[in-house]
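See below for the structure under consideration.
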Amino acid sequence: MSAPRYSNSPPELLVRASLTSSIGDTVSVVRGERLWWYRSSTGAWLGPCYAPSRAAETLGELLRSWGIRPGIE
214 MSAPRYSNSP PELLVRASLT SSIGDTVSVV RGERLWWYRS STGAWLGPCY
264 APSRAAETLG ELLRSWGIRP GIE
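In terms of the working numbering, the sequence shown opens at residue 214 and continues consecutively.
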């Protein structure tokens, strides 16, 4: 489950597990040393913007560390 937050600057994406919507993470895009990256609200660098599937995998690993099994809706 995800919800964009366009009112924030820069815009963010709230990502939550569908079974436990109270636990999730907020993802934003930040400029790295040479590339744009997806970054977790925890500060973890999820993956470069040219590889969104890598960022999704890393985010899934972070959520699983909280006992959440994220899935695609």
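For each residue, glycine too, the CB sits at the ideal point set by N, CA and C. What you are looking at is a predicted structure, and each value in this text was computed from that prediction instead of being measured.
Problem set entry | Simplified DSSP assignment, three categories, for Leu248 | Residue mapping note: residue 248 aligns to position 35 of the sequence shown, counting from 1. DSSP places Leu248 in coil when its eight states are reduced to three.
For this session: Return the CA-CA distance between Leu227 and Ser254, expressed in angstroms with no decimal places.
Result: Within the sequence shown, the letter at position 14 stands for residue 227. Within the sequence shown, the letter at position 41 stands for residue 254. Taken atom to atom, the span from the alpha-carbon of Leu227 to that of Ser254 is near 10 angstroms.
Problem set entry | Alpha-carbon to alpha-carbon, Ser241 and Tyr219 | Indexing the sequence shown from 1 puts residue 219 at position 6. Indexing the sequence shown from 1 puts residue 241 at position 28. So the two alpha carbons sit approximately 11 angstroms from each other.
Exercise. When the distance is taken between beta carbons, is Gly260 closer than 8 angstroms to Tyr251?
Worked result: As a position in the sequence shown, residue 251 is number 38, starting the count at 1. As a position in the sequence shown, residue 260 is number 47, starting the count at 1. Yes.
Exercise. First and last residue of the beta strand (DSSP E) that includes Ser220?
Worked result: For this step, residue 220 is matched to residue 7 along the sequence shown. Careful: Ser220 lies outside any beta strand (DSSP E) and carries neither H nor E.
Problem set entry | Segment limits, alpha helix (DSSP H) that includes Gly256 | Start at 1 with the first residue of the sequence shown, and residue 256 comes out as number 43. Careful: Gly256 lies outside any alpha helix (DSSP H) and carries neither H nor E.
Exercise. Around the Cβ of Glu246, are there at least 16 other Cβ atoms within 10 angstroms (buried) or fewer (exposed)?
Worked result: As a position in the sequence shown, residue 246 is number 33, starting the count at 1. Result: exposed.
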